[in-house]
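Undergrad: This structure is in structure tokens; I'll ask about it shortly.
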Ligand code: B12
Ligand SMILES: Nc1nc2c(ncn2[C@@H]2O[C@H](COP(=O)(O)OP(=O)(O)O)[C@@H](O)[C@H]2O)c(=O)[nH]1
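See the structure below:
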């Protein structure tokens, strides 16, 4: 520091300390990532960087400032809203309306049965058809989905990982039958299986064959679909599951490295496929951190790809889609969410994203309505058209703070990446369950901060709205959708050449036994009108279905509440309960149907255990009948159903029936947590649900209510 | 007793309630439980109790799921008692066993119960012993007792079962030096898992290593220890496992070893229970007299040595 500046700083520091009555050195605030944020940054903070190059330019090495030289000054980011629900017909209508209103690209949300490779007529998916996305059973559905949407002009992103083979095949065949050659299709397939095992939970096969499928798709698209992104390497879901930004950044890039290796092992040259790798990040409420994350991601990826020997400049460049954070949005006082989403969107733009989804304000209630979707889209239209943010490339470059944060994030992420590489790469780490556990630990810490009030969430733990508004919700009648889908499946099965389909499916099964690229026989089967479920089963015969064993963190929540009065009150209630009843209160926490949102269930389980409950943790994807059997065999006092994918109105009554079938006198009480629109409360209570805990529920308060309800119930005996 | 009739009829909810009773720390529950057990032992079933242990990562869970599926496909009824030691400082626990037995837990011919061990393995295992009496009376052909991890819990578990199985992985032959005489006394069968794909060679070699090492430790009058190769993932070798279990049981019954073992175990449990009762009684007395804080203060002030304090407290506690 030169003398003049030094003097200046000393004077500043004195004033600061006088104003705040605190030492400057004690005035840092720690982020979730463990980064100390100082109250002020200076030119000095731009020194000794090992990743960020302060004088670099946009579109130039190391691409910190953006993948392109001109960025939004030439063309703004793509407004790409993620959507899909009910049948292909209804989703198609919705897409067309959105495109007329200013949306630029499509992004398809499939329903959970499709994700998990089940047809709509499968018993296992009774409550899930069309509920959390659009149901696609055959190529006919896919064709309806893009009816009057010319696939040679519209770029289409598809979030599909588990059933990626039949779904991509259906897209290709739908294009062909629309008269569009596959080489002209543009868009992205998510095809990122590693994060499914970590957080998203729509896997089908075990890790190794799943990785082979990923590589097959990279190979096929690199050869035949030059305008199509073969993969969207996603950190988004990690942050939504609870990861802090360093974990999100490090695990995503480490996943990317694993996919590069998988593709190389197929005999491809890095530069053959690397330009078509794309990324996907979440943008949460920590404004500057999110900006720094996108800049750091580009910086690190360039370095990583250079180390892989990439020669084509386009191989070095990280292009990304972003979505504002859904988990930052609240059920309580929901209009606040419009404001949150706006800040997050701005953050994504200042970070230099290539495309963006902005969430609707009813995010924590149900799928968006036409109205809430319009506001979400307008958030971006206003940014693009009214604020002037598109006029300057990377306007925060040179900010002492943002540049320093970019470097700090890079460093921290690099350490984790190095660690994972030393352990043998991400596939190995994922199989051992380490990243998942780390993310759950981070999620549990965040919950503890909100529950204790040390992190403020407006409208939830502070500044509550005394007059909560009742908002309209999109209602999907899954039974109707299911019936429609079943009719369509039946009609197709009657009209297709069954022998040819069987032969194509046998070919596919055989192909899975050797090294054949599976997309090729898949396209054949789909062309002949094999269903998504049939194709998935044909592969399952060889690969089997993957069941995840669940590990749990423990003590993380409790540690945050050492000495806390409310926490200790629940603890002592539990001790008293044990004295009276001869055992601890025992609760079975379950996920039913295809709903893979396990963040809430895992957090509740570990926190309840920390308070002294004995918690039985069910596996994912249980049927209500299986849950009833587990509950009765373990003689639990209560079942806590965590349900987020809108299956509750089908699954909860089934569970009640299941309990009575095994034990007509069953005294087990049932409570429900997760995404439940207020409009459904009465229905659940009528079905004997004892209590409902919606998003934002304080876990300690919930636990107290649970123990009280259990005690009441026992005293009725 | 109505409950007893229901158990014998195999009613799921009754079995579950009965297990809760035997595990309960409430005196009134214990009384009912004792009465129930004494009625149940008069109507014994034919179940074979099998213990499984093995270091983490060898595929024990996968094996139990796979072998269990095989058994139910052969129309056996299977009960599983999983002792979960994952209890915490706070005392509550997360019981994740169901996530490891997804397929078999659905089957109507299984009954799967996990028990939080709450740190005290001794007490809880008493409950496990009685739980196996309940499942036996309820007509389960096999009762698996699964302990997670190795060491102390292994010894306890081996005292609960008719046949004890150690699962190991390929390449674990190197650990053979570590295998002391002790372990061979507990385990009747050694299962080398992961005998598939690229691991096949390694698995066979490990099995051979175990065989030779075990014959070295074999006592004269003892049965040959069995070493089996399986793949839990490919579900191969399962017939061998069940055949071997049945063979050993038959032989043991013939030679009287089966009953001898159950008698030894009974002695063990009586001793454990008596020790447990005496210890908790004495602990109660110790605490109520308040000697420990009193004398430790004296030791702190150098008024007496620690040994003197220990002796004084012991004498005072034991005196009637
Ligand atoms: C995080 C999240 C994800 C993550 C999930 C990560 C994970 N491993 O859990 C990711 C990004 C992977 C994801 C994916 C999808 N998601 Co999502 N997701 C969310 C989001 C943003 C937050 C959920 C969350 O974890 N909150 C934090 C936890 C701690 O809160 P919680 O679960 O609500 O639990 C609290 C209470 O509800 C209660 N509670 C909950 N359970 C229990 C149980 C007991 C016993 C008790 C006492 C209390 C209790 O206490 C908890 C603490 O306060 C919600 C919207 C929202 N803001 O809620 C959408 C949401 C649930 N997702 C949705 C959808 C559609 C999907 C997808 C199906 C999209 C698609 N078509 O591909 C996928 C598929 C996922 C799958 N496999 O099922 C929809 C569901 C629509 C509906 N219900 O009508 C929602 C509502 C968003 C929306 N409005 O569109 N999602
Ligand atoms: N190759 C192979 N792997 C197996 C087999 N059984 C289990 N595994 C793998 O070994 C790992 C540990 O299995 P798990 O059952 O969780 O082990 P546990 O800790 O002993 O219960 C997992 O990755 C399994 O997929 C098997 O028979 N063959």
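Residue numbers (our numbering), protein chains in the order written: chain P, 124 to 840; chain U, 398 to 717. Just so it is clear, CB atoms sit at the ideal spot from N, CA and C, and this is done for glycine as well. These figures come from a predicted structure and were not determined experimentally.
Tell me whether residue 520 of chain U sits in a helix, a strand or coil according to DSSP, three-state version.
TA: Below a pLDDT of 50, predicted positions are generally treated as unreliable, and residue 520 of chain U, at 48, falls in that range; the measurement from the model is reported next regardless. Residue state, collapsed to three classes: helix.
Undergrad: Hey, how far is the Cα of residue 465 of chain P from the Cα of residue 502 of chain P?
TA: Taking the straight line from one Cα to the other gives about 6 Å.
Undergrad: What's the call for residue 446 of chain U, buried or exposed, on a 16-neighbour Cβ count within 10 Å?
TA: That one is buried.
Undergrad: Nearer than 7 Å: is that true of the beta carbon of residue 722 of chain P relative to any heavy atom of ligand 1?
TA: Yes, since a heavy atom of ligand 1 falls inside the 7 Å radius drawn around the Cβ of residue 722 of chain P.
Undergrad: Measure the Cβ-Cβ separation of residue 283 of chain P and residue 316 of chain P and say whether it is below 8 Å.
TA: Their beta carbons are not under 8 Å apart, which means residue 283 of chain P does not touch residue 316 of chain P by this criterion.
Undergrad: Kindly identify the DSSP beta-bridge partner or partners of residue 684 of chain U.
TA: Answer is none; residue 684 of chain U lacks a bridge partner.
Undergrad: Taking Cβ positions, are residue 396 of chain P and residue 353 of chain P nearer each other than 8 Å?
TA: Contact: yes.
Undergrad: Could you pull the DSSP bridge partners for residue 628 of chain U from this structure?
TA: Partner(s): U:633.
Undergrad: Using 8 Å for Cβ pairs, my map puts residue 525 of chain P next to residue 411 of chain P. What's the rounded Cβ distance?
TA: Correct: roughly 6 Å between the Cβ atoms.
Undergrad: Does the beta-carbon of residue 506 of chain U, which I'm using as the reference point, lie nearer than 7 Å to any heavy atom of ligand 1?
TA: The answer is no for residue 506 of chain U.
Undergrad: Measuring only the C-alpha atoms, how far is residue 469 of chain P from residue 558 of chain P?
TA: Going by the C-alpha atoms only, they are around 29 Å apart.
Undergrad: Apart from the five residues on each side of it in sequence, which residues of its chain come closer than 6 Å, Cβ to Cβ, to residue 303 of chain P?
TA: Same-chain partners within the cutoff: 274, 275.
Undergrad: According to DSSP, simplified to helix, strand and coil, what is residue 513 of chain U?
TA: DSSP places residue 513 of chain U in strand when its eight states are reduced to three.
Undergrad: Could you name the residues of chain P that residue 655 of chain U contacts, counting a contact when the two beta carbons are closer than 9 Å?
TA: The premise fails here: residue 655 of chain U is roughly 28 Å from chain P at the closest Cβ pair, so nothing lies under 9 Å.
Undergrad: Which parts of the stretch 413-461 of chain U are runs of the beta strand (DSSP E), unbroken and 3 residues or longer, counting only runs that do not cross its ends?
TA: 445-450, all fully within the stretch 413-461 of chain U.
Undergrad: So residue 499 of chain U contacts chain P; which residues on that side make the cut at Cβ distance below 7 Å?
TA: What residue 499 of chain U touches in chain P: 670, 742.
Undergrad: Terminal residues of the continuous alpha helix (DSSP H) containing residue 444 of chain P?
TA: Counting along the chain, residue 444 of chain P falls outside any alpha helix (DSSP H), though it belongs to the beta strand (DSSP E) covering 443-447.
Undergrad: If we ignore side chains and look at the alpha-carbon of each, how far apart do residue 421 of chain U and residue 704 of chain P end up?
TA: Each residue's alpha carbon lies about 8 Å from the other.
Undergrad: In the DSSP output, what is residue 585 of chain P paired with across the bridge?
TA: Looking at the DSSP assignment, residue 585 of chain P forms a beta bridge with P:581.
Undergrad: When the cut-off is 8 Å and only beta carbons count, does residue 407 of chain U lie next to chain P?
TA: Answer no: the Cβ-Cβ gap between residue 407 of chain U and chain P never drops below 8 Å.
Undergrad: What residues in the stretch 438-456 of chain U have a beta carbon less than 8 Å from any beta carbon of chain P?
TA: Answer set for the stretch 438-456 of chain U: empty.
Undergrad: Of all Cβ atoms in chain P, is any one closer than 8 Å to the Cβ of residue 597 of chain U?
TA: With 8 Å as the cut-off, residue 597 of chain U does not count as an interface residue toward chain P.
Undergrad: Pop quiz: residue 538 of chain P and residue 188 of chain P are said to be a contact at Cβ under 8 Å. What is the actual Cβ separation, rounded to whole angstroms?
TA: The Cβ separation is near 24 Å, so there is no contact.
Undergrad: For residue 531 of chain U and residue 512 of chain U, what's the separation of their Cα atoms in angstroms?
TA: Whole-angstrom Cα-Cα distance: 15 Å.
Undergrad: With a CB to CB cut of under 8 Å and the five nearest residues on each side skipped, what residues in its chain are close to residue 429 of chain P?
TA: Contacts found: 439.
Undergrad: Could you compute how far the alpha carbon of residue 460 of chain U sits from the alpha carbon of residue 584 of chain U?
TA: Distance between the alpha carbons of residue 460 of chain U and residue 584 of chain U is about 17 Å.
Undergrad: State the DSSP-derived secondary structure class of residue 352 of chain P, mapped to helix, strand or coil.
TA: Note: residue 352 of chain P maps to strand in three-state DSSP.
Undergrad: Just the Cα atoms here: how many angstroms apart are residue 544 of chain U and residue 529 of chain U?
TA: Distance between the alpha carbons of residue 544 of chain U and residue 529 of chain U is about 14 Å.
Undergrad: Could you check whether the stretch 371-378 of chain P touches the stretch 535-549 of chain P, counting it as contact only if at least three pairs of C-beta atoms, one from each stretch, sit closer than 8 Å?
TA: At 8 Å Cβ cutoff, the stretches touch.
Undergrad: Residues of the stretch 421-440 of chain U in Cβ contact with chain P at a cutoff of 7 Å, in chain order, please.
TA: The stretch 421-440 of chain U vs chain P, Cβ under 7 Å: 421, 422, 423, 426.
Undergrad: Can you grab the Cα-Cα spacing for the pair residue 708 of chain P / residue 701 of chain P, in whole Å?
TA: Roughly 7 Å separates the two Cα atoms.
Undergrad: Roughly how many angstroms lie between the CA atoms of residue 387 of chain P and residue 341 of chain P, to the nearest whole one?
TA: Straight-line Cα distance between these residues: approximately 10 Å.
Undergrad: Quick check: what's the CA-CA separation for residue 391 of chain P versus residue 292 of chain P?
TA: Rounded to whole angstroms, residue 391 of chain P to residue 292 of chain P spans 21 Å at the Cα level.
Undergrad: Per DSSP, which residues does residue 492 of chain P bridge with? Please list them.
TA: Answer is none; residue 492 of chain P lacks a bridge partner.
Undergrad: Please say whether residue 401 of chain P and residue 355 of chain P have beta carbons closer to each other than 8 Å?
TA: Contact: yes.
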